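> Quick note on the numbering used here: the sequence shown kicks off at 18 and runs consecutively.
Beta carbons: idealized from backbone N, C-alpha and C, even for Gly.
If you're wondering where the values come from, they're calculated on a predicted model, not measured in any experiment.
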Amino acid sequence: MSAPHSTGTTPPPAPEPGGGLVERRSIEAVPDAERHGRPFSQFTLWFGANLQITAVVTGALAVVLGADAFWSLIGLLLGNLLGGGVMALHSAQGPRLGLPQMISSRAQFGVYGAIVPLVCVVVMYVGFFASGTVLAGQAVGHLTHLGDVTGIVVFAFATALTAVIGYRVIHRLGRVASVVGALAFLYLGIRLLQRASLGDLLGDHSFHLPAFLLAISLSASWQLAFGPYVADYSRYLPRDTSPRATFWCTLGGTVLGSQWSMAFGALAAAASAGAIAGDEVGYVVGLGGTGIIASVLYFVIALGKLTINVLNTYGGFMSVLTGVTGFRAQRTLSQRGRAGYVLAIMLAGTIVALLGRGNFLDSFSTFLLFLLIFFTPWSAINLVDYYVIAKERYDLPALSDPNGRYGDWRWRAIITYVVGILIQLPFISTEFYTGPLVDPLGGADISWIIGLVVPAVLYGVLARGDRAARVPEKMIWGDLDSPSEPPRAATPGDAAALAGEARA
């Protein structure tokens, strides 16, 4: 099925290096001449992307679904740290490989086999696009007085246009959103505490384990869902970028931004006795004020959602393209083709948004928790392979060659992935299915922990069987090869340190 060495084909001519606003690359590796930026760009992107209304809803869910505010805040923080640590380990791969995140899955699953997790990833992106568009559509509808449906459509087109422009404008949008979002949430926090005493909101310390674990699961799932595309936004950083800097900037931005938003949501839900459910945007804006202030807040909500929805659309386009090109031996894409893929993601997400806007909160919580089933095994496999098995050494040309060292279908990873999904079923607690081991655990859902640990161990054992044939002695860059390794590339020691620091 696979050969010991790559026979990678010569790719079509690559785009000329340039610093234009419109991105011309897609899934091909980014050459050194086009690398730019600093690790701090990861902080501003993920900080701004998490200061938004859907994160507020996620925090509110912890209280609406049964936890008190005090333990919700602690549970949300733990989940953000745990999930964010895993997510940031994926981000550290970007500068080293110069590839979108899901392309590297071909090293684990095979050039064709990567389609297995990719299908789930695309469903996730469409779902997040839809959920974000529902909330942003409410804001745009109120701001323009055109109604939610028109707001959803207008916002969807704005998202698609930004995603087509690409990487540079996404990071610029993140910088703007981080400043605007921080100012808005600071103001909203002050307004909330003018209505309700913080002591009263945090006064009830009654601990309920299932509700506490639910809060952890909500925020962990939020962070883990970024894993399949986080490296898409770090892949243009210079190849000698410190992996530690990339890790900590990503972790700091995503945890600080999400915890701020979720904490506000949890406290708002406690202050409103759950009234936030059903009209999330209206409640938040009403808390801030009326008239000009309300209009500004509607704009801020739309801007925050635009940032994260562009990430979902861009990541969805990359994932669909990764799946399609694996079977077509294609490594580049025209601007027209890029726009077509983005438009397809937008249309699918908009249809789901229009159909599901009536019962958003319940649908979103179920969707968010169910996502964990499919992404924790993938995340475990990807990280174990990259940091432990391959020790950060991949053959980049072979990622596009089904006859190369990674083969077409790599069953060790596929079997591990399926086992990782199935083994979670007894521990799952959702509206439409509850596993048999949930009640003995007091109603707690620990499926995502099982879904990380078991596949990591199983894959670590199975992958050693073909390690010699699959892992090159050193990184193979292919068309990007240079006489020597960059002066400061990631090392196995860095990976071990990152993993240890993430656990600390």
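Do you know whose CA, among W494, N399 and W426, lies nearest G127's CA?
Per the Cα distances, W426.
> From the DSSP output, in three-state form, read off I445 for me.
Coil at I445, not helix or strand.
> Output the distance between the C-alpha atoms of L93 and L364, rounded to the nearest integer angstrom.
When rounded, the distance between both Cα atoms is 33 Å.
> Applying the 10 Å Cβ sphere with the 16-neighbour rule, what's the burial state of A290?
That one is exposed.
> Tell me whether K491 is buried or exposed, calling it buried when 16 or more other Cβ atoms sit within 10 Å of its Cβ.
K491 is exposed by the Cβ-count criterion.
> Kindly indicate which three-state DSSP category I91 falls into: helix, strand or coil?
In the structure shown, I91 sits in a helix (DSSP, three-state: H, G or I).
> For T451, which residues does DSSP report across the bridge?
Bridge partners of T451: S446.
> Which word fits Y142, buried or exposed, when buried means at least 16 other C-beta atoms lie within 10 angstroms of its C-beta?
Its Cβ being crowded by 16 or more others within 10 Å, Y142 is buried.
> Locate the alpha helix (DSSP H) running through Y142, then write down its first and last residues.
Counting along the chain, the alpha helix (DSSP H) containing Y142 begins and ends at I132 to T161.
> Flag this pair as yes or no: are the beta carbons of G54 and K322 separated by less than 8 Å?
Not closer than 8 Å, so no.
> Quick check: the Cα distance between A72 and Y331, rounded to an integer number of angstroms?
Answer to the nearest angstrom: the Cα atoms are 20 Å apart.
> Output the boundary residues of the alpha helix (DSSP H) element that contains N420.
From DSSP, N420 is part of no alpha helix (DSSP H); its letter is neither H nor E.
> Classify D249: buried if its beta carbon has 16 or more other beta carbons within 10 angstroms, exposed otherwise.
With 16 or more other Cβ atoms within 10 Å, it is buried.
> What does the alpha-carbon distance come out to for the pair F64 and V197?
Going from the Cα of F64 to the Cα of V197 covers about 11 Å.
> Going by beta carbon distance, what residues of the same chain come within less than 6 Å of P500, once the five residues before and after it are set aside?
Confidence at P500 is low in this model, with a pLDDT of 37, below 50, so its placement is unreliable and no value can be given for it.
> When the distance is taken between beta carbons, is V369 closer than 8 Å to A473?
No, the pair does not count as a contact, with Cβ atoms beyond the cut-off.
> Quick one: what does DSSP say I493 is sitting in, helix, strand or coil?
It is a strand residue.
> With a threshold of 8 Å on Cβ separation, who are the neighbours of F316 within its own chain once the five nearest residues in sequence on each side are excluded?
The residues are A156 and L160.
> Within the chosen definition, does the stretch 108 to 120 reach the stretch 259 to 274 through at least 3 CB pairs nearer than 8 Å?
Touching, yes, given that three or more Cβ pairs across the two stretches are closer than 8 Å.
> For I438, which three-state DSSP category applies?
Helix.
> If we ignore side chains and look at the alpha-carbon of each, how far apart do I132 and I44 end up?
If I take the Cα positions, the gap works out to 15 Å.
> Within 8 Å, do at least three Cβ pairs link the stretch 390 to 408 to the stretch 427 to 441?
Short answer: they touch.
> Hey, quick one: how far does the alpha helix (DSSP H) through V186 stretch, first residue to last?
Here the alpha helix (DSSP H) through V186 covers Y184 to R212.
> With a threshold of 7 Å on Cβ separation, who are the neighbours of L350 within its own chain once the five nearest residues in sequence on each side are excluded?
Around L350: S43 and L338.
> Let me know the secondary structure DSSP gives D296 once reduced to three states.
Correct three-state label for D296: coil.
> Helix, strand or coil, according to DSSP, for A280 in the structure here?
Helix at A280.
> Tell me, please, which residues DSSP counts as bridged to D412.
Bridge partners of D412: I493.
> I'd like the list of long-range same chain contacts for P227, defined as Cβ closer than 6 Å, with 5 residues on each side in sequence excluded.
Around P227: G459, G460 and A461.
> Return the Cβ separation of A356 and V488 in integer angstroms, given the expectation that the two are a contact with Cβ distance under 8 Å.
Not quite, the Cβ-Cβ distance comes to about 38 Å (not below 8 Å), so this is no contact.
> So, using beta-carbon positions, are R429 and L469 closer together than 8 Å?
For R429 and L469, no; Cβs fall outside 8 Å.
> Tell whether a beta-carbon distance below 8 Å holds between R256 and R113.
Yes. Within cutoff.
> CB-CB under 8 Å to F202, same chain, minus the five flanking residues each way: which ones, in chain order?
Excluding residues within five positions, the ones whose Cβ falls inside 8 Å are L68, W277, S278 and F281.
> Measuring only the C-alpha atoms, how far is L231 from P457?
Spanning the two alpha carbons is a distance of roughly 16 Å.
> How is G270 classed by DSSP in three states: helix, strand or coil?
Helix at G270.
> Once the 5 residues before and after A153 are set aside, which same chain residues still bring their CB inside 6 Å of it?
Excluding positions up to five away in sequence, the list reads F172, A319 and K322.
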